[in-house]
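Protein chains: 2
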Amino acid sequence: MARNREFDVDVAVAAAMDVFRRKGYEGTSMRDLAEATGLGSGSLYAAFGSKDGLYLAALDLYRQRYAAPLTDMLRAGNDARDVIREVFVGVVDDIARDSRRQACLIVGAAMERAHTDLRVAERLRSTTQSLEVALFDVLAEGQLRGQIPTARSARDLANFLVTSLQGLRVMGAINPDRASLMRSAEVALTCLD
Amino acid sequence: MARNREFDVDVAVAAAMDVFRRKGYEGTSMRDLAEATGLGSGSLYAAFGSKDGLYLAALDLYRQRYAAPLTDMLRAGNDARDVIREVFVGVVDDIARDSRRQACLIVGAAMERAHTDLRVAERLRSTTQSLEVALFDVLAEGQLRGQIPTARSARDLANFLVTSLQGLRVMGAINPDRASLMRSAEVALTCLD
DNA sequence: CATATTCTTTGTCGTACGTTCCAGATAGTC
DNA sequence: GACTATCTGGAACGTACGACAAAGAATATG
């Protein structure tokens, strides 16, 4: 015996996510979010509790939409070197496509929110950890198959590759030149040779 | 025939820099800056014009204090591989020491301000470029001397190393574990073998 | 020592912030 | 179809924002 929510929560979070990516947490006002979602502030607070809550929802959506697919790609791939290159090219393309206006919410959160909001820090660790584990699995199997050199442990390689991906996002924000990013990625990938 | 400024501008900028590193641009208020510097807001506006101006001054101080020494180290070094490792270890130590509270202003600016303030973007490009050029010079000479393999160009290697350093700063914000960062750095450095 | 000039401080400007509350609209239940 | 629980949009809350103006304090010059 009640009225149902009229708006689609996921659509609203997606709109909020775009704003947060563009303006950061502190740079985004609730009015920005109300305008972007087309909702009144009352509805936003009813659904998400606070600006923090909405940011967290946006971060979760970002992880689901942009981070999880990377680990999925890795798990679905066959050849280790091929699938890892695929991931790197995908990230570089993503950066070169929209970069500058739509930053990576993971890196943004790491810089702006990780040391303030414990739940944000937790999620960032979880996301990078998942990616690292997926890389580790691919690398370890590649090493077993003799496709990846065993001079360096799969753990260290996976850790390094995650770091490289984060570095690419930062460089993309400073100088979003696809060719330059791609060259950087290629050198990173030579650690698999 | 006039009164002299009582406070030391550099000291004030240094205090402001610390606040910006901790709270970011949007997260820092003029009141925060007044409190940190011990000055009235009037003095701050007289000396720096605006919050933007003070941020820019803080960024310049950061570049001078933390980025320039890296290029100086590179230029002063003898063996290419040694001095580059020295730079990486220095950065990792810096991250591990205070990280989480005092973020890298370069990466922070890249995420928060580069696409908003043109002068910030310019300075970030200039800084990364300087570091890259210094690395290039060291690498090119190392290649001439036969200390660095020539399979990949000095340009690509330098570009990659800068990207790796940025990646380390992001990873440090997410998980400031020195050992993990160091392992990542070690893998990055194997591109010089 | 007087004067002119600049610095510092303080208070205040209008605006925008995150959040809350309320009146009206809406839909599920009887 | 009336009732009622929930949602909606927007007005309004007190606070804090960036910026500025003006008055008092201080010093280099003559």
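Each protein sequence line maps, in turn, to chains A and B. Throughout the first sequence, residue numbering follows the numbering used here, covering 5 to 197 in sequence. Throughout the second sequence, residue numbering follows the numbering used here, covering 5 to 197 in sequence. Virtual Cβ for every residue (Gly too), placed ideally from N, Cα, C. Here the structure is a predicted model, which is why all the values come from computation and not from measurement.
CB-CB length for residue i against residue j, believed under 8 Å
i                      : j                      : result
residue 107 of chain A : residue 175 of chain B : Not confirmed; about 17 Å, so no contact.
residue 43 of chain A  : residue 52 of chain A  : Rounded, the Cβ-Cβ distance is 10 Å, inconsistent with contact.
residue 92 of chain B  : residue 191 of chain A : Actually they do not touch by this definition, with Cβ atoms about 15 Å apart.
residue 127 of chain B : residue 63 of chain B  : 6 Å
residue 87 of chain B  : residue 142 of chain B : 6 Å
residue 37 of chain A  : residue 48 of chain A  : 6 Å
residue 40 of chain B  : residue 19 of chain B  : 4 Å
Element boundaries [alpha helix (DSSP H), containing residue i]
i                      : result
residue 71 of chain B  : Counting along the chain, residue 71 of chain B falls outside any alpha helix (DSSP H), and DSSP gives it neither H nor E.
residue 168 of chain B : 158-178
residue 43 of chain A  : No alpha helix (DSSP H) contains residue 43 of chain A, which DSSP labels as neither H nor E.
residue 66 of chain A  : 55-66
residue 131 of chain B : 122-148
residue 20 of chain A  : 13-27
residue 88 of chain B  : 84-102
residue 190 of chain A : 182-193
residue 113 of chain B : 109-116
Interface residues of chain B facing residue i [CB-CB closer than 7 Å]
i                      : result
residue 188 of chain A : 163, 164, 167
C-alpha distance - residue i paired with residue j, whole-angstrom precision
i                      : j                      : result
residue 89 of chain A  : residue 12 of chain B  : 52 Å
residue 26 of chain B  : residue 22 of chain A  : 24 Å
residue 180 of chain B : residue 96 of chain A  : 25 Å
residue 15 of chain A  : residue 45 of chain A  : 16 Å
residue 79 of chain A  : residue 55 of chain B  : 47 Å
residue 172 of chain B : residue 9 of chain A   : 44 Å
residue 98 of chain B  : residue 76 of chain A  : 34 Å
residue 100 of chain A : residue 138 of chain A : 24 Å
residue 169 of chain B : residue 119 of chain B : 21 Å
residue 125 of chain A : residue 149 of chain B : 45 Å
residue 147 of chain A : residue 189 of chain A : 21 Å
residue 82 of chain B  : residue 151 of chain B : 11 Å
residue 177 of chain B : residue 30 of chain B  : 18 Å
residue 73 of chain A  : residue 132 of chain A : 13 Å
residue 129 of chain A : residue 197 of chain B : 31 Å
residue 134 of chain A : residue 111 of chain A : 16 Å
residue 154 of chain A : residue 195 of chain A : 11 Å
residue 166 of chain B : residue 50 of chain B  : 37 Å
residue 34 of chain A  : residue 24 of chain B  : 23 Å
residue 145 of chain A : residue 68 of chain B  : 46 Å
residue 160 of chain B : residue 187 of chain A : 6 Å
residue 136 of chain A : residue 123 of chain A : 20 Å
residue 105 of chain A : residue 121 of chain B : 12 Å
residue 113 of chain A : residue 94 of chain B  : 25 Å
residue 84 of chain B  : residue 32 of chain A  : 45 Å
Listed by chain order, chain A residues near residue i by CB distance under 7 Å
i                      : result
residue 21 of chain B  : Neighbours of residue 21 of chain B on chain A: none; closest Cβ ~15 Å, over 7 Å.
residue 184 of chain B : 163
residue 177 of chain B : 114, 115, 118
Under 9 Å by beta carbon: chain B residues contacting residue i
i                      : result
residue 15 of chain A  : Residues of chain B passing the Cβ test: none, with the nearest at roughly 25 Å.
residue 160 of chain A : 187, 188, 190, 191
Neighbouring residues, chain A, relative to residue i (Cβ below 8 Å)
i                      : result
residue 174 of chain B : 111, 114, 115, 167, 170, 171, 173, 174
Legend entry - Residues from the region 76-109 of chain A in contact with chain B, defined by Cβ distance under 7 Å: 104, 105, 107
Inset, instruction - Would you list, in chain order, the members of the region 111-131 of chain A that have their beta-carbon closer than 7 Å to a beta-carbon of chain B? - result: 111, 112, 114, 115, 116, 118, 119, 128, 129
Legend entry - Interfacial residues, the region 141-156 of chain B to chain A, with Cβ spacing under 7 Å: 156
Inset, instruction - Give, in chain order, every residue of the region 29-40 of chain A whose Cβ lies closer than 7 Å to some Cβ of chain B. - result: 30, 31
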